[in-house]
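Chains as they are written, first to last, in my numbering: chain A, 625 to 719; chain B, 20 to 504. Every residue, glycine too, gets a C-beta built ideally from N, C-alpha and C. A short write-up of the structure that comes next.
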């Protein structure tokens, strides 16, 4: 299968990465060579194979729903590129 | 005592414990050498002043029972370190300073280790040459034109150049073992679930695993002992009985059965690699182990599987970088525009490429054909190993299909770059432990590594095999300090 520019634009939208024409063309080329390589998997019949989701054969441990640390609002917000009074600031969403 | 930086970790620990040297002397020596080695570009962030203060504090109140008594250590910049910048080699995290500590690094400091700084790596650990780092490529101390391998390229370079006695890397598809092989050092990728992933910047969660990198097998065993712990904070951490890996290290591997998988003789593999592998087989026999021919029939499907599974998980893990909560932000005319510009400017080309692959294989209409298919093939690959381990105790293969290549040589051809990990990737897909040890040189004098793959949780066994082989091989790295003027 071939990945065309329309597909690249679609994936770009889904992954929230903007691409201009030049970048889209480069990406289409790269992705096509990678998918050609990936297509080798079609040689295998896998109808009756169970998919492997995790190599660790344990059931996922769940944590108790407990408060571990209090009043860390400041710490959490410290790394944000833009903040105001303990809030993350983003461009206007609602007009 | 001069030449402190040439001492092994085990020796440094012993000398500090016997009060022959102080932590301050050792720390100073590694800082001085690191400062003279800026050309290598091994560090992204240094924390030398703090390191010296901590060394002095250690010397004033030394706790000599600790496993790493006052030992300075630089770590891959993928581990979150409290109050010390953590970038994952990316522009998008250039201003990120964690407010918490990763469990693996926490284990180091609790054992007496002292942070020297954060080592360069491929951006979000995506790369096999350290050329995708936003902070520039790292040079291999073997030769200025060579890549150190990746993604733990800064870590490998720093250990080989003796800027740190030991280090920690992470391995998703070979990111510890391939750079170890390229720099003539030892690198262990532990069993999935052996070392906590808490506080490690996530790339592909079902594959990522932290591990030690060192000058020799003893140091590797000691470091593994320190970092391999059960951790409640990581839901994939496994509670099993861990060994005292250094104490239990033994060269006696008589009667062990070592498998040689025929599928690893790949097309176009240089004769030098074939020869090295044969030498390895001879050494194993000399150590009294038995060599058994085995088959891992799905080997050639491992890389294509990896290049679906890893990007799929990466695309989901990296969704959190949106310019809101941390790091770099590009201005946009509305929220969506800001997200798109931030991610387009903040991520490098390789990361964008992998996010795109991952998004595509998980997208509606393609999930079954790609992602589900890859999970099924992953099962077949794991089954191959399970079958093999009914006959053998460990498996011996080359670590990489070639020695270190030149900077820039493979940059524009992603598939050729991916092929570097052809011998290491199956191990991550199956969740097994694998170690790369330096085993010889090619005609150009560049190091070559051999890989020993073990059963799950059987790190002691592969460390022992590596230890026995190391003695037979008698490897010496040809590093001339060319970068120190």
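- In this structure, residue 144 (chain B) keeps its C-beta atom at 9 Å or more from the C-beta atom of residue 168 (chain B).
- At a cut-off of 9 Å, the C-beta of residue 359 (chain B) has a neighbouring C-beta in chain A.
- Residue state for residue 460 (chain B) is assigned as strand, using DSSP reduced to three classes.
- In this structure, residue 502 (chain B) lies away from residue 26 (chain B), with their beta-carbon atoms at least 9 Å apart.
- With contacts defined by Cβ atoms closer than 9 Å, residue 215 (chain B) and residue 171 (chain B) do not form a contacting pair.
- Boundaries for residue 371 (chain B): no beta strand (DSSP E) harbours it, while the alpha helix (DSSP H) harbouring it runs 368-381, taken from the DSSP string.
- Distance between residue 649 (chain A) and residue 337 (chain B), taken at the CA atoms: about 23 Å.
- When Cβ-Cβ separations below 9 Å define contact, residue 115 (chain B) makes contact with chain A.
- Look at residue 680 (chain A): its C-beta is under 9 Å from a C-beta on chain B.
- If you draw a 10 Å sphere on the C-beta of residue 700 (chain A), you find fewer than 16 other C-beta atoms in it, and that means exposed.
- The contact set of residue 398 (chain B) on chain A, defined by CB atoms closer than 9 Å, consists of 670, 673, 674, 675, 676 in chain order.
- Counted as a single uninterrupted DSSP element, the stretch harbouring residue 282 (chain B) is not any alpha helix (DSSP H), since DSSP gives it neither H nor E.
- Taking a Cβ-Cβ threshold of 7 Å, the residues of chain A close to residue 379 (chain B) are 635, in chain order.
- DSSP lists no bridge partner for residue 396 (chain B).
- Along the segment 681-698 of chain A, the positions whose C-beta sits under 8 Å from a C-beta of chain B are 682, 684, 685, 686, 687, 696, read in chain order.
- Close CB contacts of residue 484 (chain B) within its chain, under the 6 Å cut and outside five residues either way in sequence, are with 272, 413, 471 (chain order).
- In the structure shown, the three-state DSSP call for residue 46 (chain B) is helix.
- The C-beta distance from residue 459 (chain B) to residue 467 (chain B) rounds to 5 Å, short enough to fall under 8 Å.
- Under the DSSP definition of a beta bridge, residue 424 (chain B) lacks any partner.
- Burial is judged here by how many other beta carbons sit within 10 angstroms of a residue's own beta carbon; residue 632 (chain A) has at least 16 and is buried.
- The C-beta separation of residue 64 (chain B) from residue 94 (chain B) comes to about 11 Å, leaving the pair out of contact by the 8 Å criterion.
- Sixteen is the threshold: since fewer than 16 other Cβ atoms of the shown chains lie within 10 Å of the Cβ of residue 698 (chain A), the residue is exposed.
- Inclusion of residue 342 (chain B) and residue 365 (chain B) in the CB contact set at 9 Å is warranted, their separation being smaller than that value.
- Any Cβ of chain A closer than 9 Å to the Cβ of residue 103 (chain B) would place that residue at the interface, and such an atom is absent.
- For the 9 Å CB-CB criterion, residue 148 (chain B) and residue 139 (chain B) do not form a contact.
- The beta-carbon distance between residue 166 (chain B) and residue 494 (chain B), rounded to whole angstroms, is 20 Å. This is too long to meet the 8 Å contact definition.
- Rounded to the nearest whole angstrom, the CA to CA distance from residue 244 (chain B) to residue 262 (chain B) is 7 Å.
- Only residues of its own chain outside the window of five on either side were considered, and among them 328 have a CB closer than 8 Å to the CB of residue 394 (chain B), listed in chain order.
- Within the segment 227-261 of chain B, 251, 254, 255, 257 place their CB atoms closer than 8 Å to a CB of chain A, listed in sequence order.
- Close partners of residue 449 (chain B) in chain A (Cβ separation under 8 Å): 679.
- Looking at the DSSP output, residue 231 (chain B) sits in a beta bridge with B:187.
- The residues 88, 131, in chain order, have a CB closer than 8 Å to that of residue 82 (chain B) in the same chain once the five nearest residues on each side in sequence are set aside.
- Unbroken alpha helix (DSSP H) runs of no fewer than 4 residues, entirely contained in the segment 634-707 of chain A, are found at 645-662, 697-701, following chain order.
- With the rule of 3 Cβ pairs closer than 8 Å, the segment 228-246 of chain B counts as touching the segment 109-128 of chain B.
- What residue 195 (chain B) touches in chain A, judged by beta-carbon distance under 8 Å, is nothing: the nearest beta carbon there is about 17 Å away.
- Its Cα nearest to that of residue 252 (chain B), the residue B:219 stands out among B:270, B:276, B:219.
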